[in-house]
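Written out below as structure tokens is the structure these notes cover.
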Amino acid sequence: MQAQGGLVLFLDSLHDRYGPIARFWEGLGDLSISINDPQLLERVDAIKLEKRLDGLDFLKGLLGARGIGYTTGAQAKVRRQLWHSVLSGQPFQQSMLPAFNREVESTLNGWTGMGNAQEKGAVVEFNKAARMLWLRLNQVNAFGSEAGESATDLFQAFGEAVQLLQRLRYSAFPTLPWSPAGREKQRLLRFIHSEVDRLIQTAASRGHQGKEGHTEWGKGDLLSLLIATKNQDGTPAFSPAEVHDEVLTLLFGVYDNSKILSHTLHQLACHPRAQQAARDEVDAAWGGHPPRTLQALISLKYLHACLQESLRMSAGRGVIWRVLERDVRLGKHLLPRGATLVAPTASIHSNPNYWPEPGKFRPERFLDAEPSTNGSDNLRPIRHPGGHPLAFIPFGFGLRNCLGQKYALNTATLVLGHILQRFTVELPSEADRQLHFKEENLSLESTDGIHLRMIPRKQQIQQDV
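Under the numbering used here, the final residue of the sequence shown carries the number 466; numbering is consecutive throughout.
Shown next, in the form of structure tokens:
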């Protein structure tokens, strides 16, 4: 598996060799069955299956056992409903959108002033730039604009901890507490848990002051909303320990989603016509101003299609685990109860039976389709992307699909819209067209970064005149 460059690339090679159903073993006798055909996933009732919780064992000590990621069955449904209540209470366009606009504009102003940007545009390593901007937006979303550098330190430490635990996961020997890696692990975990507790105490204090008339509960940040959410009888919906663990779940869910920005912008740099179509749409919808309402983001259908097509091609976090609850026979294959079912997102998204010419960037695939809800929200889409509800699953599926997918897509649309308003994006050289990937942080990472030339539009317009 490691010789192939990680699990995602290993599964790709496995399906190339053995077809839509491929068996492999992890550890001593742990049978896993990977299926890259959506119709076969449907036949095993994949949407209804629980995820494999022990797949998160390597994150023990970092993620809390009381978070939604570790709940199952009826408890998971109740917790998910509570999270929907929290998310529906977040007034994105009223409070978060102005703050997000300010953060994005501040970052783009820095690009405009870089080096010889006024001559031929600044070359930006966009993986790093997107990660830093996404980090700041996630801070505002999770803890509010006032959280400051302490929240930055928390997000950075959390990312370092995930990277360390991912490396230790594949270590041939157990990590001893007094080893350098063991000491670094304990240092990071102590800091993360203490900082989460401090932020919770600050938010709770702000809430108590609000009841006395001095301040209000937060300004739409998720931590304040978690604390403020009530049961029908008026009691807190989340205990202090549950709030702590849900904050950790939130950090894990958002810490490395910035690739959606870098991969989409790279595709638009490679496809100037698609970039211009997206820019024309932004100019028409926003009128040269920052977006003021959520509808201004939702109306960008073509840019949204570009995001979805980029998600299909880049795969995001590339593997979904579930547990088979009964014996299932698929042709000559017997899938035994208790085995791990693996849905390899990257392989599914490049299956030519569902995605003709899968290696080509074609946003129009998504223009006459509504995103699939994958069975979780009782909504019936007009047409599933790829022609099947499990053909496009960048945010998972079923009860365990990602609660934050709307936030991720809206935020990515906001950032890309700002960029297209202000810059034309080009490849610095033809060598930057082809990306090479390695598995890192539970997803695929470009080995050499993503370098893009950001040419300010004002100057380009002057040159064209």
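Heads up, the beta-carbon is just placed ideally off N, CA and C, and yes, glycines get one too.
In whole angstroms, what separates the C-alpha of residue i from that of residue j?
i, j, result
"residue 192", "residue 205", "20 Å"
"residue 291", "residue 123", "22 Å"
"residue 265", "residue 70", "28 Å"
"residue 164", "residue 27", "20 Å"
"residue 435", "residue 364", "19 Å"
"residue 133", "residue 24", "39 Å"
"residue 455", "residue 301", "22 Å"
"residue 453", "residue 13", "28 Å"
"residue 366", "residue 187", "47 Å"
"residue 378", "residue 7", "Model confidence at residue 378 stands at a pLDDT of 42, short of 50, so the residue's coordinates are unreliable; what they give is reported in the following sentence. Spanning the two alpha carbons is a distance of roughly 33 Å."
"residue 361", "residue 56", "33 Å"
"residue 1", "residue 36", "Residue 1 cannot be examined here, being either before or after the span of the chain that is shown, 2 to 466."
"residue 142", "residue 310", "26 Å"
"residue 386", "residue 359", "13 Å"
"residue 286", "residue 297", "7 Å"
"residue 48", "residue 179", "43 Å"
"residue 106", "residue 97", "14 Å"
"residue 221", "residue 336", "46 Å"
"residue 437", "residue 326", "38 Å"
"residue 182", "residue 149", "29 Å"
"residue 175", "residue 11", "24 Å"
"residue 1", "residue 34", "Beyond the ends of the chain as shown, which are 2 and 466, falls residue 1; an answer cannot be given."
"residue 459", "residue 225", "41 Å"
"residue 411", "residue 135", "12 Å"
"residue 476", "residue 280", "Residue 476 cannot be examined here, being either before or after the span of the chain that is shown, 2 to 466."
Just tell me which of the options has its CA closest to the CA of residue i.
i, options, result
"residue 448", "129, 46, 54", "129"
"residue 99", "332, 293, 299", "293"
"residue 404", "89, 178, 135, 234", "89"
"residue 350", "314, 56, 198, 256", "314"
"residue 207", "145, 175, 68", "145"
"residue 421", "21, 109, 225, 147", "109"
"residue 268", "312, 257, 299, 296", "312"
"residue 430", "253, 101, 387, 451", "451"
"residue 282", "61, 18, 106, 415", "415"
"residue 91", "223, 298, 82, 244", "223"
"residue 419", "357, 432, 289, 352", "289"
"residue 44", "390, 127, 402", "390"
Quick one: grab the DSSP three-state call for residue i.
i, result
"residue 361", "coil"
"residue 335", "strand"
"residue 240", "coil"
"residue 323", "strand"
"residue 25", "strand"
"residue 383", "Residue placement at residue 383 is poorly supported in this model, since its pLDDT is 45, which falls under 50; the coordinates still yield a value, given next. In this structure, residue 383 counts as coil in the three-state DSSP scheme."
"residue 51", "coil"
"residue 39", "helix"
"residue 313", "helix"
"residue 45", "coil"
"residue 34", "strand"
"residue 452", "strand"
"residue 127", "helix"
"residue 466", "Note that residue 466 scores a pLDDT of 30, beneath 50, so its modelled location is shaky and nothing firm can be said."
"residue 213", "Confidence at residue 213 is low in this model, with a pLDDT of 40, below 50, so its placement is unreliable and the value that follows should be read with caution. Looking at residue 213 - three-state DSSP - the assignment turns out to be coil, as it is neither helix nor strand."
"residue 396", "coil"
"residue 457", "strand"
"residue 345", "strand"
"residue 330", "strand"
"residue 425", "strand"
"residue 146", "helix"
"residue 195", "helix"
Would residue i and residue j be called neighbours here (beta carbons separated by less than 7 Å)?
i, j, result
"residue 324", "residue 53", "yes"
"residue 284", "residue 65", "no"
"residue 104", "residue 137", "yes"
"residue 59", "residue 184", "no"
"residue 263", "residue 409", "no"
"residue 259", "residue 16", "no"
"residue 308", "residue 413", "yes"
"residue 80", "residue 72", "yes"
"residue 32", "residue 340", "yes"
"residue 227", "residue 306", "no"
"residue 331", "residue 41", "yes"
"residue 396", "residue 406", "yes"
"residue 255", "residue 139", "yes"
"residue 46", "residue 21", "no"
"residue 299", "residue 244", "no"
"residue 83", "residue 238", "yes"
Does residue i come within less than 7 Å of chain D when only Cβ atoms are used?
i, result
"residue 251", "Annotation note: the requested chain D is absent from the structure, which comprises a single protein chain."
(Q) Pairs of beta-carbons, one from the stretch 339-347 and one from the stretch 302-320, closer than 8 Å: are there three or more? (A) yes
Q: Kindly confirm or deny that the stretch 422-430 and the stretch 269-279 touch, where touching means at least three C-beta pairs closer than 8 Å.
A: yes
Q) Does the stretch 192-203 come close enough to the stretch 237-252 to have 3 or more Cβ pairs within less than 8 Å? A) A contact exists between the stretch 192-203 and the stretch 237-252.
Q) Would you call the stretch 143-162 and the stretch 228-235 in contact, with 3 or more CB pairs under 8 Å? A) Taking 8 Å as the limit for Cβ pairs, the verdict is that the stretch 228-235 does not touch the stretch 143-162.
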